[in-house]
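Peer 1:
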Amino acid sequence: MIKLSNINFIREQRHILHDVNLHIREGENWVVLGRNGSGKTTILEMVNGYHFPSSGTVEVLGHRYGTVDLRELRRSIGYISQSLFEKLNRADPVWEVMATGAYAYLRFYQEIPEEARLKALELLERVGLSHLKDQPLGTLSQGERKKVMLARSLMADPKVLIMDEPCSGLDLYERERMLKSVQELCGHGITVLYVTHHIEEIMPLFTHVALIEQGRIIAAGPKHEVLKPELLLRVFDVPLELEWFQGRPWAKVIQNGVEEHA
Ligand SMILES: Nc1ncnc2c1ncn2[C@@H]1O[C@H](COP(=O)(O)OP(=O)(O)OP(=O)(O)O)[C@@H](O)[C@H]1O
Numbered sequence: 005m006i007k008l009s010n011i012n013f014i015r016e017q018r019h020i021l022h023d024v025n026l027h028i029r030e031g032e033n034w035v036v037l038g039r040n041g042s043g044k045t046t047i048l049e050m051v052n053g054y055h056f057p058s059s060g061t062v063e064v065l066g067h068r069y070g071t072v073d074l075r076e077l078r079r080s081i082g083y084i085s086q087s088l089f090e091k092l093n094r095a096d097p098v099w100e101v102m103a104t105g106a107y108a109y110l111r112f113y114q115e116i117p118e119e120a121r122l123k124a125l126e127l128l129e130r131v132g133l134s135h136l137k138d139q140p141l142g143t144l145s146q147g148e149r150k151k152v153m154l155a156r157s158l159m160a161d162p163k164v165l166i167m168d169e170p171c172s173g174l175d176l177y178e179r180e181r182m183l184k185s186v187q188e189l190c191g192h193g194i195t196v197l198y199v200t201h202h203i204e205e206i207m208p209l210f211t212h213v214a215l216i217e218q219g220r221i222i223a224a225g226p227k228h229e230v231l232k233p234e235l236l237l238r239v240f241d242v243p244l245e246l247e248w249f250q251g252r253p254w255a256k257v258i259q260n261g262v263e264e265h266a
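Take the sequence shown: its letter number 208 is residue 212 in my numbering, and every next letter is one higher.
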């Protein structure tokens with residue numbers, strides 16, 4: 005589904021990605037876990053074709069970038085990021101913003117097809133936000149906005165769904181509601197690539213994890229093999245114990261270790 009091979013990315017004389025290899029197969033859902041500035045968003049933007057590698061190749065859904073019409077391919081790729089939200093019109097009602105997702109438009113300038121309206125309403129129902137359908141996008145809370153963006157990304161029936169820190173800025177309650185929606189709505193025929201720096205966001209839906217440290221993938225594979233304290237120490241520079249609870253990993257920081265380490 006997604007194959008990054010020997011990717012290097014250099015900008016402004018900075019080597020941002022070093023020899024990145026990532027192979028995501030059908031039926032797998034991946035989390036890329038790493039600290040701020042480690043290169044996670046850069047990887048996602050490369051999968052979306054917004055950045056081109058300085059060397060190496062990117063293949064998505066069997067198409068190699070550089071030889072394919074990206075506008076066409078992007079119809080099969082859903083992307084949830086803060087920067088997309090900022091491009092949408094905050095005065096538009098929620099259902100209309102949702103409907104634009106079916107066509108990858110930012111706004112409608114003609115009558116909205118009934119089919120798109122009905123699908124928007126159905127997806128709003130599935131994330132439990134039907135009651136907000138006529139409310140202007142800009143008036144929604146952070147948690148509501150994120151869920152609308154998740155539902156909007158599914159309007160075009162993507163084969164690949166890319167999420168860049170979809171829970172950032174959410175309180176515990178809203179984060180858990182968002183993660184529940186991700187768990188419920190994604191997966192079925194959609195390959196998910198999810199970026200975060202929070203270990204506990206690795207929901208049961210996710211099968212694989214890639215750990216990134218300063219632009220290098222230091223481990224990648226099935227989550228139970230990769231989420232090991234010694235590898236997480238390298239990523240976060242904080243000694244941790246990991247506990248699995250209800251199918252999710254939870255990190256406990258070893259305080260003395262932090263002091264020794266600092
Ligand atoms: N076009 C560019 N020119 C120069 N440096 C860049 C460019 N794009 C990204 N970077 C740098 O590359 C590094 C990785 O950025 P990236 O946004 O991919 O990190 P991230 O892991 O997503 O971080 P965060 O978790 O904070 O969002 C950062 O240090 C950033 O400043």
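Backbone N, C-alpha and C fix where the C-beta goes; we use that ideal spot for every residue, glycine too.
Here the structure is a predicted model, which means the values were calculated and not measured.
Provide the residue span of the beta strand (DSSP E) that contains R15, from first to last.
Peer 2: From DSSP, the beta strand (DSSP E) with R15 extends over 6-15.
Peer 1: Report the three-state DSSP secondary structure of Y294 (helix, strand or coil).
Peer 2: Any property of residue 294 remains undetermined from this structure, which presents the chain solely from 5 to 266.
Peer 1: Using the Cβ count rule (16 or more neighbours within 10 Å means buried), how would you classify A95?
Peer 2: The residue is exposed, with fewer than 16 neighbouring Cβ atoms inside 10 Å.
Peer 1: With C-beta atoms as the reference, is N52 less than 8 Å away from I81?
Peer 2: Yes, the pair counts as a contact, with Cβ atoms nearer than the cut-off.
Peer 1: Under a Cβ-count criterion, where at least 16 other Cβ atoms within 10 Å of its own Cβ denotes burial, should V230 be classed as buried or exposed?
Peer 2: V230 should be labelled buried.
Peer 1: Could you check which residue in I6, E16, N40, I14 has the C-alpha nearest to that of L26?
Peer 2: Taking only the C-alpha atoms, the option nearest L26 is I6.
Peer 1: Exposed or buried, what is R15 when buried is set at 16 or more other beta-carbons lying within 10 Å of its beta-carbon?
Peer 2: Per the 10 Å Cβ criterion, exposed.
Peer 1: How is I206 classed by DSSP in three states: helix, strand or coil?
Peer 2: It is coil, neither helix nor strand.
Peer 1: In the structure shown, what three-state DSSP assignment does I267 receive?
Peer 2: Given a span of 5 to 266 for the chain in the structure shown, any question on residue 267 remains unanswerable.
Peer 1: What do you reckon, are the CB atoms on V239 and K227 nearer than 8 Å?
Peer 2: Cβ distance not < 8 Å, so V239 and K227 don't count as in contact.
Peer 1: In its own chain, which residues sit with a C-beta less than 8 Å from the C-beta of I116, not counting the 5 before and 5 after it?
Peer 2: These residues qualify, in order along the chain: E100, A103.
Peer 1: Going by the beta-carbon positions, is the gap between M182 and L174 smaller than 8 Å?
Peer 2: Going by C-beta atoms, M182 is nearer than 8 Å to L174.
Peer 1: Of all the options E245, P208, L236, A223, which has the alpha carbon lying nearest to the alpha carbon of E32?
Peer 2: The residue with the shortest Cα to Cα distance from E32 is P208.
Peer 1: Check whether the Cβ atoms of K137 and L154 lie closer than 8 Å to each other.
Peer 2: Cβ distance not < 8 Å, so K137 and L154 don't count as in contact.
Peer 1: If contacts are defined as beta-carbon pairs under 8 Å, then P57 and I11 qualify, I think. What distance do you get, rounded to the angstrom?
Peer 2: Indeed, because the Cβ distance is near 5 Å, the residues count as touching under 8 Å.
Peer 1: For the beta strand (DSSP E) holding A95, just list the boundary residues, first then last.
Peer 2: Unbroken run through A95: none, as it is neither H nor E.
Peer 1: Counting pairs of beta carbons, one from the segment 215-222 and one from the segment 36-55, are three or more of them closer than 8 Å?
Peer 2: A contact exists between the segment 215-222 and the segment 36-55.
Peer 1: Hey, which residues come within less than 6 Å of ligand 1, measuring from Cβ to any heavy atom, in chain order?
Peer 2: Those residues are R15, E16, R18, I20, G38, N40, G41, S42, G43, K44, T45, T46, H201, given in chain order.
Peer 1: Buried or exposed for F13, going by 16 or more other Cβ atoms inside 10 Å?
Peer 2: With 16 or more Cβ atoms within 10 Å of its Cβ, F13 is classed as buried.
Peer 1: Excluding five sequence neighbours on each side, which residues of the same chain lie with their C-beta closer than 6 Å to the C-beta of I247?
Peer 2: The residue you asked about is not Ile; residue 247 is Glu in the sequence shown. Hits under 6 Å: W254.
Peer 1: Quick check: what's the CA-CA separation for G66 versus V164?
Peer 2: Distance between the alpha carbons of G66 and V164 is about 12 Å.
Peer 1: Assign H265 to buried or exposed, taking buried as 16 or more other Cβ atoms, counted over all protein chains shown, within 10 Å of its Cβ.
Peer 2: Summary for H265: the model assigns pLDDT 48, below 50, so the residue's position carries little reliability; its value from the coordinates is reported in the next sentence. Exposed is the call here.
Peer 1: Taking a contact to mean a Cβ-Cβ separation below 8 Å, would you say M37 touches H192 in this structure?
Peer 2: Here the sequence assigns Leu to residue 37, which means Met is not the residue at that position. For L37 and H192, no; Cβs fall outside 8 Å.
Peer 1: So which of F89, V186, G70, E49 has the shortest CA-CA distance to E205?
Peer 2: Per the Cα distances, V186.
Peer 1: Excluding sequence positions up to five away, which residues of its chain have a Cβ less than 6 Å from the Cβ of E263?
Peer 2: Unreliable positioning characterises E263 in this predicted model, as indicated by a pLDDT of 48, which lies under 50. The coordinate reading is nonetheless provided below. Around E263: no qualifying Cβ.
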